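2 protein chains.
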Amino acid sequence: MKISTKGRYALRLMLDLALNNTGEPVSLKDIAKRQEISDKYLEQIISVLNKAKYVQSIRGAQGGYVLTKKPEEYTVGMILRLTEGSLAPVACVEEDYNCERMSDCTTVLVWKKINDAVNEVVDHITLADLRDYEMQKAGEYVI
Amino acid sequence: MKISTKGRYALRLMLDLALNNTGEPVSLKDIAKRQEISDKYLEQIISVLNKAKYVQSIRGAQGGYVLTKKPEEYTVGMILRLTEGSLAPVACVEEDYNCERMSDCTTVLVWKKINDAVNEVVDHITLADLRDYEMQKAGEYVI
DNA sequence: ATTAATTCCTATTGACATACTATGAATTGG
DNA sequence: CCAATTCATAGTATGTCAATAGGAATTAAT
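So the protein sequences, as listed, match chains A and B.
Under our numbering, the first residue of the first sequence is numbered 963, with each subsequent residue one higher.
Under our numbering, the first residue of the second sequence is numbered 963, with each subsequent residue one higher.
This is how it looks when you write it as structure tokens:
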């Protein structure tokens, strides 16, 4: 029942971009340094985000990545589902899954409730929420 | 973000015992047949439930297993945590976990919310709820 | 006392996923 | 031209999953 590093790093990566959302491209090397994550591994992760047009890449020297949308427009769910695949706790509550036991199966009730509960959380937190939380937290120690 | 067969089978196994809770021991072979699960695999799973005293075993011919408590007293969370280990979506929201980034880490907010949401579900469904649901469902077609 | 049915215990296996590392090509600003 | 960057693909070590396998121990029924 774990979220892998892929999803976790993707979220930190996107949050990092949201916090450095100046219009200038942010290099992966910088993100990797700030987040203390292997840059080579981050390359693979951002490649997925890039192909899905969640970020735009600028190649060459001084290149990097920028968000394609406003932080408000990314939910945590979008990012996790893209990088992790489905967040469903079991295959049988995923879209168009078919199981012969389905009609008999009582435990599927539990999986559906877990699924709904998780979706409710991840689909209502945006990158902007996390960015604001982090910025506010940073401000707490100013005075 | 998946629950493994171990936890899923454990829940079906326990529900099967709740539905056949006559006081007579139920053999694993029968459970395996009803649930269409490998009996050899179920042996390993029930061994965990047995060591935790969630079930009591009766050895020898005509032996089997019985629940040690009333179905009302088992939550889905108890059964899943025992067989799956922690249900936390990431290690850092588990009890007494320590991570240097903890104080900086904004994404942990997300994991905590997921964790709470899942716990809220699994800790409020009991075996009796599932048993009643299944019995009621079976009755629907009587007339 | 024997047999058959059962639980109990431990080891092994094949497939797959995870979390990277490695290598090098392509692109581009300075 | 060069250094910094993204892009693409391959490899790898480790671990987990989902069983399967084999047999020992126990006990009710005959």
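Backbone N, C-alpha and C define an ideal beta-carbon position, used for all residues, glycine too.
Given the structure is predicted, the values throughout are model-derived calculations rather than measurements.
Exposed or buried, which one is residue i when buried takes at least 16 other CB atoms within 10 Å?
i          : result
Ala1023(A) : exposed
Asp1078(B) : exposed
Thr984(A)  : exposed
Ile1020(A) : exposed
Gly1026(A) : buried
Could you work out which residue in the options is closest to residue i when comparing CA atoms only?
i          : options                                        : result
Glu967(B)  : Tyr1036(A), Cys1054(A), Ile993(A)              : Residue identity check: residue 967(B) is Thr in the sequence provided, not Glu. If we check each option's Cα against that of Thr967(B), Cys1054(A) comes out closest.
Ala994(B)  : Tyr1003(B), Ile1020(B), Glu986(B)              : Tyr1003(B)
Leu1042(A) : Met963(A), Gly969(A), Gln1018(A)               : Gly969(A)
Lys1013(A) : Arg1063(A), Thr1045(A), Thr1037(A)             : Thr1045(A)
Ile1076(B) : Leu1049(A), Glu986(A), Glu1062(A)              : Leu1049(A)
Lys964(A)  : Thr1088(A), Asp1001(A), Gly1047(A)             : Gly1047(A)
Ile1087(A) : Gln1098(A), Pro1033(A), Lys1074(A), Met1097(A) : Pro1033(A)
Ser1065(A) : Lys1099(B), Lys1074(B), Ser1065(B)             : Lys1099(B)
Thr1030(B) : Pro987(B), Asn1060(B), Asp992(B), Pro1051(B)   : Pro987(B)
Lys1074(B) : Ser1009(A), Val1080(A), Leu1011(A)             : Val1080(A)
Val1083(B) : Leu1089(A), Glu1102(A), Pro1051(A), Asp1085(A) : Pro1051(A)
Gln997(B)  : Leu1089(A), Met1097(A), Glu1062(A)             : Glu1062(A)
Thr1037(A) : Met1097(A), Leu990(A), Leu1089(A), Asp992(A)   : Leu1089(A)
Val1035(A) : Leu990(A), Asn1060(A), Asp1085(A), Ile1008(A)  : At residue 1035(A) the sequence reads Glu, which differs from the Val that was named. The candidate whose alpha carbon is nearest that of Glu1035(A) is Asp1085(A).
> Using a Cβ cut-off of 7 Å, which residues of the segment 1032-1063 of chain A contact any Cβ in chain B, in chain order?
Replying inline: Val1038, Glu1046, Leu1049, Pro1051, Val1052
> So, do the segment 1063-1075 of chain A and the segment 969-979 of chain B have three or more beta carbon pairs nearer to each other than 8 Å?
Replying inline: yes
> Going along the segment 1061-1090 of chain A in order, which residues come within less than 8 Å of chain B, judged by CB to CB distance?
Replying inline: Taking a C-beta cut-off of 8 Å against chain B, the contacting residues of the segment 1061-1090 of chain A are Arg1063, Thr1068, Thr1069, Leu1071, Val1072, Trp1073, Lys1075, Ile1076, Ala1079, Val1080, Glu1082, Val1083, Val1084, Ile1087, listed in chain order.
> Three or more beta-carbon pairs under 8 Å between the segment 1078-1097 of chain B and the segment 979-991 of chain B, yes or no?
Replying inline: yes
> Quick one: complete alpha helix (DSSP H) runs, 4+ long, within the segment 997-1045 of chain A?
Replying inline: 1001-1013
> Are the segment 1054-1064 of chain B and the segment 1031-1046 of chain A touching, with three or more C-beta to C-beta distances below 8 Å?
Replying inline: no
> According to a CB-to-CB cut-off of less than 8 Å, which residues of the segment 971-990 of chain B neighbour chain A?
Replying inline: Leu973, Arg974, Leu977
> Of all the residues that make up the segment 1001-1030 of chain B, which are near chain A by a beta-carbon distance shorter than 7 Å?
Replying inline: none
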